[in-house]
Amino acid sequence: MTVFRIARRTALPADEAWRRITDWPAHGRRVPLTRIRVETPGPTGTGTVFVARTGLGRVRFDDPMEIVRWEPPAPGSPGRCRLEKRGWVITGWAEIEVTPASARETGETWQIGQTDSGADGRTVVCWAEELRVSFLPRFLDRVTARTGRVVFGRVVDGLLRGQER
398 MTVFRIARRT
408 ALPADEAWRR
418 ITDWPAHGRR
428 VPLTRIRVET
438 PGPTGTGTVF
448 VARTGLGRVR
458 FDDPMEIVRW
468 EPPAPGSPGR
478 CRLEKRGWVI
488 TGWAEIEVTP
498 ASARETGETW
508 QIGQTDSGAD
518 GRTVVCWAEE
528 LRVSFLPRFL
538 DRVTARTGRV
548 VFGRVVDGLL
558 RGQER
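Numbering-wise, the numbering used here comes out as the position in the sequence shown, counting from 1, plus 397.
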């Protein structure tokens with residue numbers, strides 16, 4: 398398994414950054430060759446299940462995920478979401494934290510030591526993911542982590558900017 402982390406600053410308020418970063422179908426519009434289908438009725442929360450289907454033509458696979466922690470941001474406290482990946486091709490987890498800059502400055506959030514985008518942002522979005530692709534040998538973990546940082550960094554950037562693909 399490989400772990401990668403990204404962090405971004407945004408001028409968005411925490412509740413809007415949270416709404417954008419947890420819009421699962423929008424993730425599918427940002428990830429190449431992927432569509433996301435939410436399997437459980439709304440609203441999103443602990444127990445929500447969704448499936449990312451990635452592929453081209455007949456070559457495709459499903460990446461089922463379940464939200465096991467759902468805490469939207471509130472005044473003075475960060476929002477936190479944890480997803481567990483339960484597929485046969487991709488396993489692992491993802492943790493998302495959306496923190497108002499004032500809470501981050503008082504030490505109420507975890508520090509991940511990655512580059513922030515935009516020094517004047519009001520909100521910090523952190524994404525950490527442990528990922529294992531079943532058919533890849535472990536010696537490719539570094540490549541997987543680098544690829545994950547690039548792909549998910551672009552996804553997070555696009556979601557926070559509100560850009561549709």
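Virtual Cβ for every residue (Gly too), placed ideally from N, Cα, C. All values derive from a computational prediction rather than experimental measurement.
Contact with chain B by residue i, beta-carbon distance below 8 Å
{"i": "VAL495", "result": "Protein chains in the displayed structure number just one, and chain B is not present."}
Three-state secondary structure (DSSP) of residue i
{"i": "TRP485", "result": "coil"}
{"i": "THR391", "result": "Residue 391 lies beyond the residue range present for the chain, which begins at 398 and ends at 562; the question has no answer from this structure."}
{"i": "PRO410", "result": "coil"}
{"i": "GLY510", "result": "Annotation note: pLDDT 33 at GLY510 (below 50); position unreliable, coordinate value reported separately. Looking at GLY510 - three-state DSSP - the assignment turns out to be coil, as it is neither helix nor strand."}
{"i": "GLY550", "result": "helix"}
{"i": "GLY515", "result": "Annotation note: pLDDT 38 at GLY515 (below 50); position unreliable, coordinate value reported separately. Note: GLY515 maps to coil in three-state DSSP."}
{"i": "LEU557", "result": "helix"}
{"i": "ASP538", "result": "helix"}
{"i": "ARG416", "result": "helix"}
Beta-carbon gap between residue i and residue j smaller than 8 Å
{"i": "LEU537", "j": "THR407", "result": "no"}
{"i": "PHE401", "j": "GLY545", "result": "yes"}
{"i": "VAL548", "j": "VAL456", "result": "no"}
{"i": "ARG519", "j": "PRO497", "result": "yes"}
{"i": "VAL552", "j": "ARG405", "result": "no"}
Residue i, buried or exposed, once every other Cβ within 10 Å from all chains shown has been counted against 16
{"i": "ALA525", "result": "buried"}
{"i": "GLY559", "result": "exposed"}
{"i": "GLY425", "result": "buried"}
{"i": "ILE403", "result": "buried"}
Nearest residue (CA-CA) to residue i, options the options
{"i": "THR488", "options": "GLY559, ARG551 and GLU463", "result": "GLU463"}
{"i": "MET398", "options": "ARG405, GLY559, VAL540 and ARG551", "result": "VAL540"}
{"i": "GLY454", "options": "PRO438, THR431, GLY473 and SER474", "result": "THR431"}
{"i": "TRP421", "options": "LEU528, GLU527, ILE493 and ARG535", "result": "ILE493"}
Inter-stretch contact (C-beta, 8 Å, three-pair minimum) for the region 466 to 474 and the region 437 to 444: By the Cβ test, the region 466 to 474 is in contact with the region 437 to 444, since at least three Cβ pairs between them sit closer than 8 Å.
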